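Below is one structure, written out as structure tokens, with a few remarks after it.
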Amino acid sequence: MAEYTFREVIAQAMSEEMRKDESIFLMGEEVAEYNGAYKASKGMLDEFGPKRVIDTPIAELGFTGIAVGAAMNGNRPIVEYMTFNFSLVGIDQIINNAAKIRQMSGGQWNCPIVFRGPTASAGQLGATHSQAFENWFANIPGLKVVVPSNPYDAKGLLKTAIQDNDPVIFMESEQMYGDKMEIPEEEYYLPIGKADIKKEGSDVTLVSFGKIMKLAIQAAEDLAKEGISVEVIDLRTVRPLDYETVLASVKKTNRLVVLEEAWPFGSVASEITYMVQQKAFDYLDAPIKRITTPDAPAPYSSALFAEWFPKLEKVKEEIKKAMYVK
């Protein structure tokens with residue numbers, strides 16, 4: 001085991017797969033000469049050269065379309081967006097081409113491609129650079145959506161995503177790139193569509209994913225000191241979503257709280273809430289609670305942003321409400 005940062009394991013995962021398969025290449029803004037906007041492709045240009053690590057113009061619609069065409073013709077592109085806010089410029093290519101080409105061609109073409117980059121907020125970046133689109137992409141048949149919360153999961157899931165024969169949306173966070181963790185020296189893969197129980201508990205189930213998992217784990221640790229046992233589930237993948245793990249936990253704890261950094265309407269939390277009431281209603285001892293950002297764009301003001309982003313105390317408060325504990 002050795003300690004690596006999140007950005008380092010992203011580069012490791014891509015490089016390890018590129019060494020095995022010459023059809024894999026990376027493209028995006030500043031991924032080559034600058035070693036990546038967040039240094040998540042550091043050293044890759046030197047190893048693989050400019051034909052496989054490609055700097056693009058600031059033209060997401062263009063290079064997304066090029067990548068989709070390349071995938072349809074036997075290549076396996078990795079597309080980096082500087083943030084997923086910018087993927088909206090190329091979202092037509094993702095939704096109307098990458099996600100649908102296998103079905104619309106009757107299986108004649110597939111689209112093995114990874115779209116990756118940071119999602120959600122990263123501090124004072126303003127409303128147009130602080131949006132979480134996990135639920136948007138998860139709504140599209142044909143796309144898989146992966147949102148890791150730590151370096152270990154990120155490496156194993158990215159390697160699996162690169163080998164997948166369908167398009168995968170792989171969402172990171174600017175605020176996680178410096179996170180460090182011990183990573184095995186031997187190669188490993190993690191399955192897409194399988195949640196991970198980060199902490200076992202018996203009183204209430206807390207489900208989350210991505211960087212806000214840090215709040216979930218901290219809340220569980222704090223409440224353990226007060227005698228409340230919280231089971232923490234990291235979805236890791238929101239499409240396909242591991243309903244079975246969530247349902248099994250709810251049937252054990254009889255309570256559910258969902259924590260998500262996204263707007264409330266049509267959220268991943270809404271989908272989980274529906275499925276749990278549909279398939280485990282008789283096990284619930286309290287209404288399901290969800291914690292999201294307010295239904296408003298992210299403010300730039302640091303004081304307002306602090307109020308907008310879900311707080312640790314809010315998470316603990318909602319868990320206690322689910323427990324009927326004051």
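Its first residue numbered 1, the sequence shown is counted upward by one per residue in UniProt numbering.
All residues carry an ideal CB built from backbone N, CA and C; glycine is no exception.
Remember, it's a predicted structure, so these values are computed and weren't measured experimentally.
At what residues does the beta strand (DSSP E) containing LEU26 begin and finish?
Unbroken beta strand (DSSP E) run through LEU26: 24-28.
Secondary structure at LYS321, three-state DSSP: helix, strand or coil?
It is helical.
Between which two residues does the beta strand (DSSP E) harbouring MET181 extend?
Taken as a continuous stretch (DSSP letters only), the beta strand (DSSP E) holding MET181 covers 180-183.
Within 10 Å of its beta-carbon, does MET1 have 16 or more other beta-carbons around it, so buried, or fewer, so exposed?
Label assigned to MET1: exposed.
Starting from GLY69, trace the beta strand (DSSP E) in both directions and tell me its first and last residue.
GLY69 -> not in any beta strand (DSSP E); alpha helix (DSSP H) instead, spanning 60-72.
Exposed or buried, what is ARG236 when buried is set at 16 or more other beta-carbons lying within 10 Å of its beta-carbon?
Buried.
Note down, in chain order, each residue of its chain lying with its Cβ closer than 7 angstroms to the Cβ of ASN135, except the 5 sequence neighbours on either side.
Within the same chain, ASN135 has close Cβ partners ALA262, GLY266, SER267 and VAL268.
May I have a chain-ordered list of the alpha helix (DSSP H) segments no shorter than 4 residues that lie completely inside the region 291-320?
Whole alpha helix (DSSP H) segments, 4+ residues: 302-308.
For ASP164, which of helix, strand or coil comes out of DSSP?
Correct three-state label for ASP164: coil.
Where does VAL230 land, buried or exposed, given buried means 16+ other C-beta within 10 angstroms?
It counts as buried.
Use the C-beta contact count for ALA306: other C-beta atoms within 10 angstroms, 16 or more gives buried, fewer gives exposed.
So ALA306 counts as exposed.
Would you mind giving the Cβ-Cβ distance between THR119 and MET171, rounded to the nearest angstrom? I have them listed as a contact below 8 angstroms.
About 4 angstroms separates the two Cβ atoms, so the contact holds.
Check whether the region 292-312 and the region 125-132 touch, using three or more Cβ-Cβ pairs below 8 angstroms as the test.
As far as the Cβ criterion goes, the region 292-312 touches the region 125-132, which means the pair count is three or higher.
Whole angstroms is fine: what's the gap from SER23's alpha carbon to GLU16's?
Rounded to the nearest angstrom, the two C-alpha atoms are 13 angstroms apart.
In terms of DSSP beta bridges, what is SER208 paired with?
Per DSSP, ASP234.
At what residue ranges does the region 127-178 contain a whole run of the beta strand (DSSP E), taking only runs of 3 or more?
Complete beta strand (DSSP E) runs here, min 3: 144-146 and 168-172.
What are the start and end residues of the alpha helix (DSSP H) that includes ASP46?
44-48 is the extent of the alpha helix (DSSP H) around ASP46.
Which of helix, strand or coil does DSSP assign to THR56?
Reduced to three states, the DSSP call for THR56 is coil.
Would GLN218 pass as a contact of LEU312 if the rule is Cβ separation under 8 angstroms?
Yes, they are a contact pair.
Consult DSSP for VAL31 and reduce its assignment to one of helix, strand or coil.
If DSSP states are grouped into helix, strand and coil, VAL31 belongs with coil.
Residue range of the alpha helix (DSSP H) that ASP222 falls in?
Its alpha helix (DSSP H) spans residues 213-224.
Verify the CB distance criterion: does SER302 have a CB-CB separation below 8 angstroms to chain C?
You won't find chain C in this structure, because it holds only one protein chain.
Let me check one thing: in DSSP terms, what residues is VAL257 bridge-paired to?
Its beta-bridge partners are LEU206 and LYS289.
I'd like the list of long-range same chain contacts for MET27, defined as Cβ closer than 7 angstroms, with 5 residues on each side in sequence excluded.
Closer than 7 angstroms at the Cβ level, and outside the excluded window around MET27, lie ILE54, THR56, PHE63, ALA67, PRO77 and VAL79.
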